[in-house]
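Residue 1 is where the sequence shown starts when you use the UniProt record's numbering, and the numbers rise one by one after that. Working notes, beginning with the structure itself.
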Amino acid sequence: MDFVAGAIGGVCGVAVGYPLDTVKVKIQTEPKYRGIGHCVWDTYRRERLRGFYRGLSLPVCTVSLISSVSFGTYRHCLAHICRFRYGSPDAKPAKTDITLSGFASGVVRVFLTSPTEVAKVRLQTQTQQRRPSASGPSAAPPMCPAPPAGLVSGPKYRGPLHCLATVAREEGLRGLYKGSSALLFRDGHSFATYFLSYTILCEQLTPAGRSQPDVLGVLLAGGCAGVLAWAVATPMDVIKSRLQADGQGQRRYRGLLHCVVTSVREEGPRVLFKGLTLNCCRAFPVNMVVFVTYEAVLRLIRGLST
Numbered sequence: 001m002d003f004v005a006g007a008i009g010g011v012c013g014v015a016v017g018y019p020l021d022t023v024k025v026k027i028q029t030e031p032k033y034r035g036i037g038h039c040v041w042d043t044y045r046r047e048r049l050r051g052f053y054r055g056l057s058l059p060v061c062t063v064s065l066i067s068s069v070s071f072g073t074y075r076h077c078l079a080h081i082c083r084f085r086y087g088s089p090d091a092k093p094a095k096t097d098i099t100l101s102g103f104a105s106g107v108v109r110v111f112l113t114s115p116t117e118v119a120k121v122r123l124q125t126q127t128q129q130r131r132p133s134a135s136g137p138s139a140a141p142p143m144c145p146a147p148p149a150g151l152v153s154g155p156k157y158r159g160p161l162h163c164l165a166t167v168a169r170e171e172g173l174r175g176l177y178k179g180s181s182a183l184l185f186r187d188g189h190s191f192a193t194y195f196l197s198y199t200i201l202c203e204q205l206t207p208a209g210r211s212q213p214d215v216l217g218v219l220l221a222g223g224c225a226g227v228l229a230w231a232v233a234t235p236m237d238v239i240k241s242r243l244q245a246d247g248q249g250q251r252r253y254r255g256l257l258h259c260v261v262t263s264v265r266e267e268g269p270r271v272l273f274k275g276l277t278l279n280c281c282r283a284f285p286v287n288m289v290v291f292v293t294y295e296a297v298l299r300l301i302r303g304l305s306t
């Protein structure tokens with residue numbers, strides 16, 4: 001039930017939050033943007049609405065599996081911990097049990113999300129990186145060697161699957177898992193925060209005499225849990241995006257630590273919180289939708305199975 005409910009909730013969440021995710025990635029990887037408004041206006045001016053949905057097809061196809069694994073792993077891990085510690089999978093878990101189960105769900109999803117994230121980030125950022133001459137003679141030198149004449153005017157990646165195939169051919173399997181170390185740090189800690197904060201908020205918002213909060217309580221708890229999780233995740237999310245975008249030509253970063261040091265030295269500590277406001281603004285409605293859908297599907301399945 002948790003796998004099915006998580007899958008449906010994940011798809012609904014991605015449909016709500018993808019445009020802001022595109023803006024977030026561009027702000028994190030392109031220093032030219034002065035803020036959210038500038039990035040939104042520039043993207044719309046250059047690419048219209050299509051620019052906000054670049055790379056969407058692959059996340060939509062895979063997010064059901066990834067979200068299913070996240071929620072299913074969390075629930076199964078929590079049940080096993082409760083059985084081991086308290087003798088029953090239905091026993092009330094401690095906050096430590098919830099934290100460990102959330103961390104495990106974040107770690108497991110890295111193996112599925114890394115290739116998807118690489119394709120998404122490359123597609124979201126390729127328009128700026130493919131046209132270095134557009135800014136005039138003072139622009140930075142091209143990031144990659146000049147391609148054959150017939151390919152100069154077009155984008156390097158024609159879509160998610162073509163992007164994955166190109167990355168695998170040019171960079172090997174390691175290319176599909178660029179930034180996975182940062183992704184591991186990001187998702188492990190953020191999902192521990194995610195599920196722990198959701199559980200605590202649901203307990204606080206549950207009326208006396210009831211076992212669960214009402215729909216408004218679920219919406220509020222889910223939205224706040226998403227905001228707290230992204231507040232924890234944003235520094236490693238910035239590094240992850242930079243490492244994954246750093247494959248379209250000459251390599252700039254040698255690894256996670258080099259990327260952190262270089263980014264902080266060149267742009268200051270604030271660079272690690274680029275996109276934080278946007279992440280939090282996106283996380284609230286997305287996770288409201290994810291959790292209310294998840295809980296509704298669980299209730300529906302339980303009702304049909306009784």
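The beta-carbon is built from N, C-alpha and C at its ideal position, and this holds for glycine as well.
* To do: Count the CB pairs spanning the segment 267-280 and the segment 216-224 that are closer than 8 Å, and state whether there are at least three.
  => The segment 267-280 is not in contact with the segment 216-224.
* Per-residue DSSP class, three states only, for Ser114 -> Here Ser114 sits in helix by DSSP.
* To do: Could you tell me if Leu295 is buried or exposed, where buried requires 16 or more neighbouring beta carbons within 10 angstroms of its beta carbon?
  => Leu is not the amino acid found at residue 295; the sequence shown has Glu there. In this structure Glu295 is buried. Its beta-carbon is surrounded by 16 or more other beta-carbon atoms within 10 angstroms.
* Gly150: buried (16+ other C-beta within 10 angstroms of its C-beta) or exposed? -> In this prediction, Gly150 has a pLDDT of 44, which is less than 50 and means its spatial position is unreliable; what the coordinates show is noted afterwards. Classification of Gly150: exposed, given that the 10 Å Cβ count is below 16.
* Give the single residue among Phe71, Thr99, Arg54 and Gly72 whose Cα lies nearest to the Cα of Ser197. => The residue with the shortest Cα to Cα distance from Ser197 is Thr99.
* To do: Please list, in chain order, all residues of the same chain as Tyr18 whose beta carbon is under 6 Å from its beta carbon, the five residues on each side excluded.
  => The answer, listed in chain order, is Leu56.
* Asked: Which stretch, first to last residue, makes up the alpha helix (DSSP H) that contains Val271?
  -> Under the DSSP assignment, Val271 falls outside any alpha helix (DSSP H); it carries neither an H nor an E label.
* Return the chain-ordered list of same chain residues with a C-beta closer than 7 Å to the C-beta of Pro147, the five sequence neighbours on each side being excluded. => The predicted position of Pro147 is uncertain, since its pLDDT is 45 and thus under 50; a value taken from the coordinates is nonetheless stated next. Around Pro147: no qualifying Cβ.
* For the putative contact between Ile239 and Val260, defined by C-beta atoms under 8 Å, what is the C-beta separation to the nearest angstrom? -> Sure, about 6 Å apart at Cβ, within 8 Å.
* Asked: How about the segment 103-121 and the segment 185-193: do they share at least three Cβ pairs that are nearer than 8 Å?
  -> The segment 103-121 vs the segment 185-193: in contact.
* Beta-carbon spacing of Tyr33, Asp42 below 9 Å -> Result yes, Cβ atoms of Tyr33 and Asp42 sit closer than 9 Å.
* Asked: What's the C-alpha gap between Asp97 and Leu184?
  -> Distance between the alpha carbons of Asp97 and Leu184: 20 Å.
* Asked: Run through DSSP, which three-state label would Gly87 get?
  -> Reduced to three states, the DSSP call for Gly87 is coil.
* Length of the line joining the Cα atoms of His80 and Gly37 -> Distance between the alpha carbons of His80 and Gly37: 47 Å.
* **Selected residue, minimal CA-CA separation from Pro115, among Thr29, Gln244 and Ser88** => Sorting Thr29, Gln244 and Ser88 by C-alpha distance to the C-alpha of Pro115 places Gln244 at the top.
* **From Arg122, Arg282 and Arg242, residue whose alpha carbon lies closest to that of Thr179** => Residue identity differs from the one stated: residue 179 is Gly in this sequence, not Thr. When only C-alpha atoms are compared, the closest one is Arg242.
* **Run of the alpha helix (DSSP H) containing Lys240, from where it starts to where it stops** => Val215 to Ala245 is the extent of the alpha helix (DSSP H) around Lys240.
* Asked: Which residue from Leu123, Leu201 and Arg85 puts its Cα closest to that of Val167?
  -> Closest by alpha carbon: Leu123.
* Asked: What runs of the alpha helix (DSSP H), each 4 residues or longer, lie entirely inside the UniProt repeat "Solcar" (1-80)?
  -> The UniProt repeat "Solcar" (1-80) is shown to contain whole alpha helix (DSSP H) runs of 4 or more residues at 2-29 and 36-47, in chain order.
* Go through its chain and collect everything with a Cβ distance to Arg75's Cβ below 6 Å, but skip five positions before and after it. => Once the five neighbours on either side are set aside, the close Cβ partners of Arg75 are Asp2.
* Since Gln204 is in the alpha helix (DSSP H), which residue starts that stretch and which ends it? -> Its alpha helix (DSSP H) spans residues Ser180 to Leu205.
* 8 Å contact criterion, which Tyr157 and Gln126 should meet: CB distance rounded -> About 6 Å separates the beta carbons of Tyr157 and Gln126, which is inside the 8 Å limit, making them a contact pair.
* Phe291 to Lys24 span [Cα, whole Å] -> The C-alpha of Phe291 lies about 22 Å from the C-alpha of Lys24.
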